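Here my numbering is used: the first residue of the sequence shown is 7, the next is one more, and so on. Note that CB positions come from ideal geometry on N, CA and C, so glycine has one too. These numbers were taken from a predicted model, which means no experiment stands behind them. Everything below concerns the one structure shown next.
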Amino acid sequence: MHPAFIMPYYGDNSSSLDYLETAIHSVQAQTDPDWVLVIVDDASPAPFQSQQLPASITSDNRLHILRHTTRQGPGISRNTGVQHANTLGSPFVLFLDADDVTTASRLALTREAFLDDSVGVVYSSFSAIDGSGKTLSPEAMIPSLASLLRRVRTQPITGRDAWLEMATETGYTNLTSTTSVRMPYILQTPFPAEKISEDFHTWLRLGALGAEYACLDEETCQYRLWGGEAGSASRNESKGLFNRKKAEVDSDGFEQALDIAVSRGVLAVAQIPVHRAKFQRRLAEEIRFEGEDTLARILETLQPDQVTDPAIFLMQE
7 MHPAFIMPYY GDNSSSLDYL ETAIHSVQAQ TDPDWVLVIV DDASPAPFQS
57 QQLPASITSD NRLHILRHTT RQGPGISRNT GVQHANTLGS PFVLFLDADD
107 VTTASRLALT REAFLDDSVG VVYSSFSAID GSGKTLSPEA MIPSLASLLR
157 RVRTQPITGR DAWLEMATET GYTNLTSTTS VRMPYILQTP FPAEKISEDF
207 HTWLRLGALG AEYACLDEET CQYRLWGGEA GSASRNESKG LFNRKKAEVD
257 SDGFEQALDI AVSRGVLAVA QIPVHRAKFQ RRLAEEIRFE GEDTLARILE
307 TLQPDQVTDP AIFLMQE
């Protein structure tokens, strides 16, 4: 019944293997040694071979390496890892991207938090590092990441209504590489196929399903901004359409979360228009903060039930 670290991997640059090795070593350094690590190679252009890794890694029988034959994205890769961990009997999973670094105490702290049976999701604050591992100041980060870091350090969101607060007031709060989820919850809310904001889509549905959020007092991750101020890989690959796609995915995730909450009887249908309007205002503010005034104005002029229509976002082209 070993908890499982789930690590999607896509090796497409000269540093990918070095980052992967560092990430694996950070898992191996856990003070609690009772874990498995499931690495899912997402059909990398240059898939890593066992002989490329040191013996300290390849000889560790707690490592499980899976491979996709076609690229499917980080969300589906995490799903593959979760399914494998479930066959191993893992009671919960700890997500960690292959270019990030986890702290040695993460598993021990997470296991302790899950002693509270009401807790379904555990996350924490983090620090940011560059490609060489140097810690970055908030001033050196993209604005949205700096804002997220301030929020989680000063006003972490917890409880059963965390998903609704994130959707309508604060936005994305729990960084994926700090997030751990009980197995029954993540099996019911797999990541969508989208490669942008697929994690926030999932966190909203998890919360609506009844998962209570808990935030650890200690940081558990060094989040790597290997592209510098450009941000994440998904942002870099979006060719300038990141915010438009994010608005579409976030809106879909929120609508699905509303449906789940209504079906569970924890949200009245009559409350939906109010929450939709709050979500729309919050999303427009977030998009404007990213410098996308045109898209923000479009969002502000829509009726709340129009926000989930993908065709709406074509208006920005």
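- The three-state secondary structure of Gly165, taken from DSSP, is strand.
- The stretch 20 to 99 is shown to contain whole beta strand (DSSP E) runs of 3 or more residues at 42 to 47 and 69 to 73, in chain order.
- Non-local beta-carbon contacts of Ala114 in its own chain, meaning distances under 6 Å to residues more than five positions away in sequence, involve Thr37 and Asp38 in chain order.
- Judged by DSSP secondary structure, Phe132 falls outside any beta strand (DSSP E); it is assigned neither H nor E.
- 9 Å or more divides the Cβ of Gly81 from the Cβ of Asp256.
- Taking 8 Å as the upper bound for CB-CB distance, Ala134 and Tyr25 are not in contact here, some 14 Å apart.
- Sorting Gln228, Gly177 and Val44 by C-alpha distance to the C-alpha of Thr141 places Gln228 at the top.
- When C-alpha distances from Pro51 are compared across Leu69, Ser22 and Ser130, the shortest belongs to Ser22.
- The beta carbons of Leu155 and Phe132 sit closer together than 9 Å.
- Remark: C-beta atoms of Ala173 and Arg303 do not approach each other more closely than 9 Å.
- By alpha-carbon distance to Ala110, the top candidate from Gln34, Asp40, Leu59 and Pro144 is Gln34.
- Between the C-alpha atoms of Ser130 and Glu27 there is a straight-line separation of about 23 Å.
- Residue environment analysis places Pro14 among the buried positions, since at least 16 neighbouring C-beta atoms fall within 10 angstroms of its C-beta.
- Here DSSP, grouped into helix, strand and coil, assigns Pro144 to helix.
- Taking 9 Å as the cut-off, the Cβ atoms of Leu170 and His31 do not count as close.
- Relative to the Cα of Asp258, the nearest Cα in the group Val44, Asp66 and Pro198 belongs to Pro198.
- Lys201 sits close to Gly79, with the two beta carbons spaced by under 9 Å.
- Around the beta carbon of Pro190, fewer than 16 other beta carbons lie within 10 angstroms, which makes this residue exposed.
- With fewer than 16 other Cβ atoms from the protein chains shown falling within 10 Å of its own Cβ, Asp18 counts as exposed.
- Residue pairing by DSSP places Arg188 opposite Phe98 in a beta bridge.
- Comparing C-alpha distances from Ala168 to each of Val268, Ala263 and Ala61 shows the shortest one belongs to Ala263.
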